[in-house]
Every structure is written in C-alpha cells, then in structure tokens.
Amino acid sequence: MRAPAHVEPVWDVARPAGPSRTTGVRMAGFRDRGTAGAGAGAGAGQRAIPHPGLTLVLEFGAGPLIVENGADRHGGSLVAGLGLAAGDIRVRGDGFEAVQVRLSPLVAHAVLGVPPSALDGAMVPLDDLWGREAARVRDRLAGLRRWDDRFALADVLLARRAAEPDRPRPDPEVAWAWRRIIGSRGLARVDGLADEVGWSRKRLWSRFRTQVGLPPKRAATLVRFDHAVHRLVAGVSPARAAAESGYADQSHLHRDVVSFAGLTPAAVIAEPFLAVDEFAWPTRL
1 MRAPAHVEPV
11 WDVARPAGPS
21 RTTGVRMAGF
31 RDRGTAGAGA
41 GAGAGQRAIP
51 HPGLTLVLEF
61 GAGPLIVENG
71 ADRHGGSLVA
81 GLGLAAGDIR
91 VRGDGFEAVQ
101 VRLSPLVAHA
111 VLGVPPSALD
121 GAMVPLDDLW
131 GREAARVRDR
141 LAGLRRWDDR
151 FALADVLLAR
161 RAAEPDRPRP
171 DPEVAWAWRR
181 IIGSRGLARV
191 DGLADEVGWS
201 RKRLWSRFRT
211 QVGLPPKRAA
221 TLVRFDHAVH
231 RLVAGVSPAR
241 AAAESGYADQ
251 SHLHRDVVSF
261 AGLTPAAVIA
271 EPFLAVDEFA
281 WPTRL
C-alpha cells in the first residue's frame, strides 16, 4: 500500500520488532511532532478512519491526546468499540505520546474486561474500565524512554489480562464466524453462517452481536470497507477497488465510504491517518 506522495503523517510512528505474544493484538507507538501550534494537531486534527478491530489507547505523554466525535470528547487513555463510531472522528494533541493497540474482538473481552457490545462503537475512558490500574500503567509507560521497553511492558500487561482464567471467551461458533468474515474480506455469505455452524440464525446473530460488538452483516460490511479503502490508498481506481472488494458497482462503494469515513472515495485517500496506517498496520487482524 502506498499513500499519495503529498500525504504526510503528522505523527512519528514506532512499531514493535516482533508480533505480540497474544493472538489478535497489534501495537504501534505514536508521538506528536510538536507541530500542533502550527495547526497540525491543535486545530481540526486527524480524521480517524474506522477499522475492523477495537482500539485501546495508552496515553502517557506530556501533552494531551484528545479524541472527538461531535460533542463526544475524550482526553487521555481510552477504549473505542469495533470500527469506532462511523462519522467525523478527530484525533489531535500537542506533544502527546501513546501506545495504540488494535484488538481482535475475539480477545477484546478478556483484555478489556467488558464485552465488545458494551462499547457499542463508542469511546470510553480507560479509567472507567480498569480503575486505578489505568493510572499505574500510564505512570510506568511515562517512566520508560525506549519504545521497545514500552511495547514490552504493554505486551506483558495485555498477555496477563488475556490469560486470566475467569475471563470470558467467545463461543467457538462465533469465533469461527468472525474468522470466516475476516478471511473472506467481508465477502462471506452472512445468511449462510448460521447453517455452517449448526445454529439458528437468531442464536448466532444474538451471540455474535454480544461477543463481537456488531451484527454479522454490519461486521462484514466494515471488513469489506476496510479492504476497499486500502485499495484506494494503494492507488487503485474506485471502479477497480469496488470490483475487487465485492461491491455491486462504484456507487455502492461510494455509499459505504461516505457512511464509514464521512468522505468520498476521492477524498479519503488524502487522509493523513491512512498514511500513518501504512506504517503502523501493514497486515490485517
């Protein structure tokens, strides 16, 4: 994937040297370059593009990290539900540093302590979920100077939480359905998933919604959008991206991009968030 040459991320990005010890966890480190005073971060901020994973932000820098979705405004460490909430979500700050974690919904309940459905695509301060542990994690991250050490600390924390024996796990049928949707890039025949796992449609829809955070059809639409938008950023034409991603036609792709990102396909490729995405998230969950 290649972002347009004129698009430059306004954050420095660090990546771990290797994969997380916890399946379904991917991390990156972000540091604001201190250009907010010139308008890069302090003004409108970067538009966040929804993706098929839950987001955990562990903020520890000297400056504030602010995430806004209309009147909904959060500062500091937070959690965002699957796909974020579609719309105009802005991330801005002045000198912030943070470890951002993308969580597969299959491991999110164990790590976060609440089912993905409890977030319902919204943003929640991490303090509300982890209590005093959130502040302790922030202090420990702030005391480290190397990104490798920060990633190691976060990885140990996430692995410990995920391994706690009393943490709920998704039903095998739900996990299979999610992996089927991801593996097909959102093109799996959703109506046939219940038959394939031997459940009624009502039962699968209910369990999937609770344990993943979205109904199967919406989850498949999000995964398909994610694939298509990255094809657009790679320089593929909207018509070709629509065909490769399983859309009926280019207008269908247009509607989904506007619905999830609040932008047209022609505009979304210029978003700095996706330039950052190239370096931070080179593979899918």
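The UniProt record's numbering applies: residue 1 is where the sequence shown begins, and numbers increase by one. Heads up, the beta-carbon is just placed ideally off N, CA and C, and yes, glycines get one too. This structure is a prediction, so every number in the text was calculated from the model and none was measured.
Length of the line joining the Cα atoms of residue i and residue j
i, j, result
"M27", "D94", "21 Å"
"G113", "R132", "14 Å"
"A267", "R167", "42 Å"
"A108", "R21", "15 Å"
"A142", "H51", "28 Å"
"V124", "L56", "10 Å"
"A152", "L158", "10 Å"
"A135", "G262", "34 Å"
"L193", "L144", "46 Å"
"G235", "V257", "16 Å"
"D171", "L204", "10 Å"
"A110", "Q211", "11 Å"
"V91", "W147", "21 Å"
"S259", "P272", "19 Å"
"E196", "D12", "44 Å"
"G246", "S237", "14 Å"
"E59", "V229", "27 Å"
"A163", "L129", "17 Å"
"K202", "A14", "43 Å"
"R73", "G45", "13 Å"
"R47", "L65", "14 Å"
"K217", "R209", "10 Å"
"A101", "E244", "The sequence given here places Val at residue 101; Ala does not occur at that position. Rounded to whole angstroms, V101 to E244 spans 28 Å at the Cα level."
"A239", "R160", "45 Å"
"L274", "G83", "15 Å"
"D32", "L119", "27 Å"
"P215", "S184", "17 Å"
Beta-ladder partner(s) of residue i, from DSSP
i, result
"D32", "W11"
"G75", "I66"
"E97", "R31"
"E59", "A98"
"A80", "T55, M123"
"R47", "R90"
"V25", "L103"
Under 7 Å between C-beta atoms of residue i and residue j
i, j, result
"G63", "F30", "no"
"G186", "P116", "no"
"V156", "R207", "no"
"R150", "V99", "yes"
"L103", "G53", "yes"
"I269", "L232", "yes"
"G81", "G121", "yes"
"N69", "I49", "no"
"A154", "V190", "no"
"V79", "L126", "yes"
Cβ neighbour criterion (16 or more within 10 Å) applied to residue i
i, result
"T264", "exposed"
"D23", "It is Thr, not Asp, that sits at residue 23 in the sequence shown. Under this definition T23 is an exposed residue."
"P165", "exposed"
"S77", "buried"
"A241", "buried"
"G18", "exposed"
"A188", "buried"
"G198", "exposed"
"A248", "exposed"
"R169", "exposed"
Notebook entry, point to check: Counting Cβ pairs, one atom from each stretch, are 3 or more of them under 8 Å apart for the stretch 210 to 228 and the stretch 250 to 261?
Noted result: yes
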